[in-house]
Each structure stands twice: as structure tokens, then as C-alpha cells.
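Colleague:
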Amino acid sequence: MENQTGQRTVRAPRGNQLHCKGWAQEAAMRMLLNNLDPEVAEDPDHLIVYGGIGKAARDWRSFDQLIASLKELDNDETLLVQSGKPVGLFRTHEAAPRVLIANSNLVPSWATWNHFYELEDKGLMMYGQMTAGSWIYIGAQGILQGTYLSFVEAGKKAFGTPDLTGRFIVTGGMGGMSGAQPLAGKMANAVILVVEVDRSRIERKMKEGYCDVLVESLDEALKLVEKFTTKGEPASIGLVGNCADVLPALVEKGVIPDFVTDQTSAHDPLNGYVPNGLTLAEANELRVTDPKTYEKRSIEAMGIHVQAMLDLQAAGAETFDYGNNIRAYAKQAGVSNAFDIPGFVPAYIRPLFCEGKGPFRWAALSGNPQDIYKLDRLAKEMFPEDEGLVNWITMAQKLVKWQGLPARICWLGYGDRDRFALRANEMVANGELEAPIVFGRDHLDCGSVASPNRETEGMKDGSDAVADWPILNALINTAGGASWVSVHHGGGVGMGYSVHAGQVLVADGSQLAKERIKRVLLSDPGMGIVRHVDAGYDRAMDVANEKGVHIPLKKG
Ligand code: NAD
Numbered sequence: 012m013e014n015q016t017g018q019r020t021v022r023a024p025r026g027n028q029l030h031c032k033g034w035a036q037e038a039a040m041r042m043l044l045n046n047l048d049p050e051v052a053e054d055p056d057h058l059i060v061y062g063g064i065g066k067a068a069r070d071w072r073s074f075d076q077l078i079a080s081l082k083e084l085d086n087d088e089t090l091l092v093q094s095g096k097p098v099g100l101f102r103t104h105e106a107a108p109r110v111l112i113a114n115s116n117l118v119p120s121w122a123t124w125n126h127f128y129e130l131e132d133k134g135l136m137m138y139g140q141m142t143a144g145s146w147i148y149i150g151a152q153g154i155l156q157g158t159y160l161s162f163v164e165a166g167k168k169a170f171g172t173p174d175l176t177g178r179f180i181v182t183g184g185m186g187g188m189s190g191a192q193p194l195a196g197k198m199a200n201a202v203i204l205v206v207e208v209d210r211s212r213i214e215r216k217m218k219e220g221y222c223d224v225l226v227e228s229l230d231e232a233l234k235l236v237e238k239f240t241t242k243g244e245p246a247s248i249g250l251v252g253n254c255a256d257v258l259p260a261l262v263e264k265g266v267i268p269d270f271v272t273d274q275t276s277a278h279d280p281l282n283g284y285v286p287n288g289l290t291l292a293e294a295n296e297l298r299v300t301d302p303k304t305y306e307k308r309s310i311e312a313m314g315i316h317v318q319a320m321l322d323l324q325a326a327g328a329e330t331f332d333y334g335n336n337i338r339a340y341a342k343q344a345g346v347s348n349a350f351d352i353p354g355f356v357p358a359y360i361r362p363l364f365c366e367g368k369g370p371f372r373w374a375a376l377s378g379n380p381q382d383i384y385k386l387d388r389l390a391k392e393m394f395p396e397d398e399g400l401v402n403w404i405t406m407a408q409k410l411v412k413w414q415g416l417p418a419r420i421c422w423l424g425y426g427d428r429d430r431f432a433l434r435a436n437e438m439v440a441n442g443e444l445e446a447p448i449v450f451g452r453d454h455l456d457c458g459s460v461a462s463p464n465r466e467t468e469g470m471k472d473g474s475d476a477v478a479d480w481p482i483l484n485a486l487i488n489t490a491g492g493a494s495w496v497s498v499h500h501g502g503g504v505g506m507g508y509s510v511h512a513g514q515v516l517v518a519d520g521s522q523l524a525k526e527r528i529k530r531v532l533l534s535d536p537g538m539g540i541v542r543h544v545d546a547g548y549d550r551a552m553d554v555a556n557e558k559g560v561h562i563p564l565k566k567g
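Numbers 12 to 567, taken from the numbering used here, label the letters of the sequence shown in order.
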């Protein structure tokens, strides 16, 4: 279908009719289409899903061939995808994955943005981010619960309470994932000010119900902050501006927020971060006419931005890096102590990783929200003791609007993901759910990523950069028979900084799905336990002992 600009618009089919030869292929096709649904993707015309230039397919020709290949794929075959292009199809066996994906992987000494862009220009590569190229992005909700958890944990650390009533958060970015911040801040009862350089991004988030109000000036924003914090009323405010201007202005005015972070697309100084001192239109032009100058200005602006974050930290704000690698670029710009700002994983999230917890999610291939509501009820029934989870589902039902196929993010841990998916599989089998359910997760999970400036920052044994773990994760999930498995490089933090793996599993009600779930939804979060036990975390060791995770050689 073509839209008004002559570009194609795509959307996943709904319902329980197959267009492929099996549900795993059908699910891969629907989730690829769903990633590019205009309700879901940031720039679907260019196949961009989120996170700067994170794409679902290399180009439209590859996209067409992917769809055609998925339609012809037999139930004992496996399709190979190399950086968003289908490159081969082999006979494997019924319990094997239907699709194997490798995106943006470069040999370490060549793993730079410059080399990547050379290859991209020649049509040889695409940037897969994390869930963009592995077809399990579910819109801003995918990061909403994690962002909410981070704010709540930051509250506990700084003020001894998860309730941020009357507290003020400042952050940057209102794009694909960063757009979860205004709603997550509000869910934690805070007043959150999000600085975003692109007005249309704020407008989009307002339409989606993620942001309350748009303002054009810092003074106007601060008046609203004052009003809402005084009343103790949660609110989200989008300020059109550049972080490299606005944060130093806060320092100058002596306005010290309670929390400071940032989620602009700083992982990519050319196609993500926008330098200050230029209008957005001027920046877009400079990016094309003089990319080298653009990149230089971008890195300089990140230096200014992070220096202001450090100043606010020194003045008492609880300040953390939010997984976009801005500290590394600020360091390049001469801010030698950029890493005095802690990353959010070591600061708040690692204890959850030690329990095999992470951003697990599911989507209803029927397109029927009732299927998700039934699973919401199931989650509340199965995990009533998990107060955070029960509250999360109640809040999400009230506040999260569907984007594309109805879906739910839900941080479940080892031993719970498989139990939950098995029950869902039964509900598909007995017709309680209208169509199969897709279970997947972010690559930002407990045992699936090596990213020394983010998920594996400051590991207890210094193993931050060891990338054997995500590779083992992909291998064990392939051996166990996930429906599709992916290995990517550069997601979240950019080229040269991360290696990570994803898996997706389809519960179609069959006996084979049951067996796959029993294997993969234990091995996958189990990798988180194993990885953290190996690094010497006591909590992971306790969980391994409690839950019987077999670890041949324990440290100590
Ligand atoms: P995006 O490209 O969709 O959105 C980023 C937004 O930042 C854009 O709207 C852009 O206009 C804005 N921006 C860029 N430079 C700016 C500046 N100087 N001042 C103000 N606004 C500016 O990307 P996204 O999907 O929202 O991801 C954002 C970043 O967060 C990426 O680096 C991504 O890798 C990272 N990320 C972190 C996590 C996590 O869990 N911590 C998860 C996903 C993504």
C-alpha cells in the first residue's frame, strides 16, 4: 500500500489465518511488518524503527524478498538473514529456528562508525540496533517498564522511597525508546522535563498519550515544574530545545533537579545526536553537506551536555547515564571525568539481572487486545506476590496505548518466563486466545549482552568486555529451538561498544511449542544467572542454588 508521499505503508495481518506454512514463519513475518507499522516505527519510509538508524530490513528490495522467503519457508527449513537481507535458505529440522539473523557485526579492529558507513553506502550492511533488526520491537512500551523501574530504583537510592511525588527529573530525547521517559516519570509520580530538539517528536508523544504538554522556553517549563512539584502532582513536560543549551542554562540559573539523565541518540554522533548552535533544519543539511564537521560539532556538544550533567551531579542531583554512550563521546571531547556519572545498570538494574530478570515481552498475533488482557489477568494470578509486577500491569492497562499489534512488556525472571509461556501455550491450544502469542525480549537482558559502557559496566570481576556470553546465549537458544535467533553488534551504544543476542519464541498451542518453551525460556534467562555467578555475584549464586541452575565450576 502507498501513503500520501508515494511511500509504502505496511502493517501486520491480524487474526488466525496463516499466510505462511507455519506459525513461526507467520510470526516472523508479522513482527517484521509490525516493526515497520507507522504506528510503531519512527521513520518507516526509510525502514527505520528506532534508536537513530536502527532498521528492520536493509532496503525495500530485501524487505520484499524477506516476506517472500518467509512465505515459502517450509517447517523444516531455516532462513539466514545478513544485516537485513535474506541470503540463504537451508534444510534443518522441525525443532530448529526458522530464521537466524546476524546484523551489523564487524571484525573488532574494523568496528567503527566510519567503516560501517562505508559499507552501508555500498549497500552491504545495515544497523540493526537491538530489537529493530530482530523483529521484536513493540513501540515505546518495550522500554517503559524498565524506565519506570530505573526511576523508582533511583528514588530508593537517593531518597529512600520509590514514590517520586514532588520530585523533578530532567532528561533528553523523546524518540522511539526515549519517548517512554515522560510517561515512566509520571508513573513514578514525578514531574519530568524532557528536552527534545525535534518538535514533531514531542507532538507525536503527546498524540500517543506519553507526554502531557509542549513548551517552547525553559522559563515556561520551569514555571510548570514549580507549579506541579509544589502541588505534588505528576506531570510530563516536553521542551523544544537542545540539551547542550538547556542543561548548562539550568546550571547557570542554579536550578538543581532531583534526577538528571539523558536518552538522546548519543550512540551515533552523525545520525543520532544533534549539535547545538544550529536549527534542526540546518543540522539536517550539515549532516549531508559536511558530515565530518557535523560529527565534530556533535561530539563537542556532547562534551558541553555531559559537563552540565556533572555540574548538576556535583550540586546534588542524582545523575545517571541512560545507556546511550554519551559519556564515551564526552570523554573524546575532553571531559576526562565523564565516567564519574554512573551507568544505570550498575546503579540500579544489576540485582535484577542476577535473578535472571529482564525486559521479557509478548505480543498477540491476533491483533485482539482481549488476548493481552487475558494474559494480564494470568500474570496477576500467577505472580500475586510480586507487587511491582501487579502494579505495573494495572498502570499499563490504564496508561499505555497500543502501538501496532497489542503487546505487553513484563520483567519476569528465571523459572517464571517458561511457566507463564506454557500456560499461554495451553490457552492458545484450547481456544481461550484467538491466535498464537509471540514471546521475546530486548537484547538488553540479563545474559545476552556484552556492553562495557552499559549492561556489563563495572562487572565485579572486570569481565565487562567479554563477548563470549552473548554468543553462547545465541548458540544455546538456537540449540534449544527458539523460533528466531539474532546476533548483533553496536546496539544501544554504537559501533565498537557492544555485542548482543536476541531470541523470539512462538506459542502456537502445539506440543512442539511446549517443548521449545521448556528449553529456551529456561536457557535464555538461565544465561543471566550463569553469567553473573561467573562474575562473582552472591545474589546470582543464591538464585542458582535455589532454582537448581547447573553450573559446573563456581567461583570462590
Ligand atoms: P531516537 O533516535 O528514536 O530518539 C532520540 C531523540 O533524541 C530524537 O528524537 C532526537 O531528536 C533527540 N535528540 C538528539 N540530539 C538531541 C539534543 N542534542 N538535544 C535534544 N534532543 C536531541 O532513539 P531512541 O530509540 O529514543 O534511543 C535513544 C538512545 O537511547 C539511543 O542511544 C539508544 O541506544 C538508547 N537506548 C537506551 C535504552 C536503555 O534501556 N537505557 C534502551 C533503548 C535505547
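For each residue, glycine too, the CB sits at the ideal point set by N, CA and C.
1. Relative to the ligand NAD, is the shortest distance from any of its heavy atoms to the C-beta of I420 smaller than 7 Å?
2. What are the start and end residues of each continuous alpha helix (DSSP H) run of 4 or more residues lying completely inside the stretch 268–325, in chain order?
3. Residue ranges of each alpha helix (DSSP H) run of no fewer than 4 residues wholly in the stretch 181–219, ordered along the chain?
4. Going by Cα to Cα distance, which pick from E296, T240, V317 is closest to V262?
5. Check the C-beta distance from H493 over to Q522 and give it rounded, since I have them as a contact under 8 Å.
6. In its own chain, which residues sit with a C-beta less than 7 Å from the C-beta of A52, not counting the 5 before and 5 after it?
7. At which residue ranges does the stretch 95–159 contain complete beta strand (DSSP E) runs of 3 or more residues, listed in the order of the chain?
8. Using three-state DSSP, classify K66 as helix, strand or coil.
9. What does the alpha-carbon distance come out to for the pair K264 and L233?
10. Name the one or two DSSP bridge partners that G369 has.
11. Would you identify the three-state DSSP class for Q414, choosing helix, strand or coil?
12. Which residues in the same chain have their Cβ closer than 7 Å to the Cβ of E88, if we skip the five residues on either side of it in sequence?
13. Would you mind reading off the limits of the alpha helix (DSSP H) that contains S80?
14. DSSP on E13, reduced to helix/strand/coil?
15. Return the CA-CA distance between G603 and S247, expressed in angstroms with no decimal places.
16. Going straight from the alpha carbon of E13 to that of D48, what length do you get?
17. With distances taken Cα to Cα, identify the nearest neighbour of P97 among A68, K409, K32, D132.
18. Would you say the beta carbon of N253 is closer than 7 Å to some non-hydrogen atom of the ligand PLP?
19. Thinking A512 and S459 are a contact (beta carbons under 8 Å), I'd like their distance in whole angstroms, please.
20. Can G283 be considered in contact with the ligand NAD, in the sense that its beta carbon sits closer than 7 Å to one or more heavy atoms?
21. May I have the straight-line CA-CA distance separating Q15 from D56, to the nearest angstrom?
22. Going by the C-beta, is F270 closer than 7 Å to any heavy atom of the ligand NAD?
23. Below 8 Å on the Cβ atoms is my guess for H278 versus G139; work out the distance and round it to an integer in Å.
24. Going by DSSP in three states, F179 sits in which element: helix, strand or coil?
25. Just mark V110 as buried or exposed, buried being the case when its beta carbon has 16 or more other beta carbons within 10 Å.
26. Please name the residue in I149, Y148, T142, A122 whose C-alpha comes closest to that of M136.
27. Could you say if the stretch 351–365 and the stretch 460–476 meet the contact criterion of at least three C-beta pairs nearer than 8 Å?
28. Can you tell me whether T441 is buried or exposed, with buried defined as 16 or more other CB within 10 angstroms of its CB?
29. Decide if the stretch 158–172 is in contact with the stretch 214–223; the criterion is three or more beta carbon pairs, one per stretch, under 8 Å apart.
30. Go ahead and pull the three-state DSSP assignment for D545.
31. Please list, in chain order, all residues of the same chain as Y548 whose beta carbon is under 8 Å from its beta carbon, the five residues on each side excluded.
32. For L29 and Y128, what's the separation of their Cα atoms in angstroms?
Modeller: In short, the structure shows the following:
1. The residue given as residue 420 occupies position 409 in the sequence shown. Answer for I420: no, Cβ out of range of the ligand NAD.
2. Entirely contained in the stretch 268–325, the alpha helix (DSSP H) runs reaching 4 residues are, in chain order, 291–300, 302–325.
3. 192–198, 210–218
4. Within the sequence shown, residue 262 is the residue found at index 251, counting from 1. Of the candidates E296, T240, V317, the one whose C-alpha sits nearest the C-alpha of V262 is V317.
5. Translated into positions along the sequence shown, residue 493 becomes position 482. Translated into positions along the sequence shown, residue 522 becomes position 511. For the sequence presented, residue 493 should be read as Ala rather than His. Not a contact, Cβ separation roughly 17 Å.
6. Working through the sequence shown from its first residue, we reach residue 52 at position 41. Around A52: N46, I59, V60.
7. 96–102, 110–114
8. As a working mapping, residue 66 is identified with position 55 in the sequence shown. K66 falls in the strand class under three-state DSSP.
9. Here residue 264 corresponds to residue number 253 of the sequence shown, with the count starting at 1. Here residue 233 corresponds to residue number 222 of the sequence shown, with the count starting at 1. For K264 and L233, the distance between alpha carbons rounds to 11 Å.
10. Residue mapping note: residue 369 aligns to position 358 of the sequence shown, counting from 1. Partner(s): L423.
11. Mapped onto the sequence shown, residue 414 falls at position 403. DSSP places Q414 in coil when its eight states are reduced to three.
12. Sequence index remark: in the sequence shown, residue 88 carries index 77 (1-based). If we look at E88 and ignore the five residues flanking it on each side, its Cβ neighbours are L100, F101, R102, T103.
13. As a first step, residue 80 is located in the sequence shown; it is residue number 69 there, counting from the start. Here the alpha helix (DSSP H) through S80 covers 71–83.
14. On the sequence shown, position 2 is the one that residue 13 refers to. Bear in mind that the predicted position of E13 carries a pLDDT of just 47, short of 50, making it too unreliable to give a figure here.
15. As displayed, the chain neither begins before 12 nor continues past 567, which places residue 603 out of reach and without an answer.
16. The sequence position of residue 13 within the sequence shown is 2, counting from 1. The sequence position of residue 48 within the sequence shown is 37, counting from 1. Confidence at E13 is low in this model, with a pLDDT of 47, below 50, so its placement is unreliable and the value that follows should be read with caution. So the two alpha carbons sit approximately 13 Å from each other.
17. As a working mapping, residue 97 is identified with position 86 in the sequence shown. For the options A68, K409, K32, D132, the alpha carbon positioned closest to that of P97 is the one of A68.
18. As for the ligand PLP, it is missing from this structure, which binds only the ligand NAD.
19. Mapped onto the sequence shown, residue 512 falls at position 501. Mapped onto the sequence shown, residue 459 falls at position 448. Confirmed, about 5 Å.
20. Stepping through the sequence shown from its first residue, residue 283 is reached at position 272. Indeed, a heavy atom of the ligand NAD lies less than 7 Å from the Cβ.
21. Locating residue 15 in the sequence shown gives position 4, counting from the first residue. Locating residue 56 in the sequence shown gives position 45, counting from the first residue. Note that Q15 scores a pLDDT of 49, beneath 50, so its modelled location is shaky and nothing firm can be said.
22. In the sequence shown, the residue the question calls residue 270 occupies position 259. No, the ligand NAD has no heavy atom inside 7 Å of this Cβ.
23. Reading the sequence shown from its first residue, position 267 is the one you call residue 278. Reading the sequence shown from its first residue, position 128 is the one you call residue 139. No, H278 and G139 are not in contact; Cβ-Cβ is about 13 Å, not under 8 Å.
24. One-based indexing of the sequence shown puts residue 179 at position 168. Of the three classes helix, strand and coil, the one that applies to F179 here is strand, per DSSP.
25. One-based indexing of the sequence shown puts residue 110 at position 99. V110 comes out buried.
26. Within the sequence shown, numbered from 1, the residue matching residue 136 stands at position 125. Nearest of I149, Y148, T142, A122 to M136, Cα basis: A122.
27. Cβ pair count under 8 Å is three or more, so yes.
28. Locating residue 441 in the sequence shown gives position 430, where the first residue counts as 1. The amino acid at residue 441 is misidentified as Thr; the sequence shows Asn. N441 is exposed by the Cβ-count criterion.
29. These segments do not touch.
30. Position 534 of the sequence shown, counted from the first residue, corresponds to residue 545. Residue state, collapsed to three classes: helix.
31. By 1-based counting over the sequence shown, the position of residue 548 is 537. Same-chain partners within the cutoff: R361, C365, K471.
32. For this step, residue 29 is matched to residue 18 along the sequence shown. For this step, residue 128 is matched to residue 117 along the sequence shown. Rounded to the nearest angstrom, the gap between the Cα atoms of L29 and Y128 is 38 Å.
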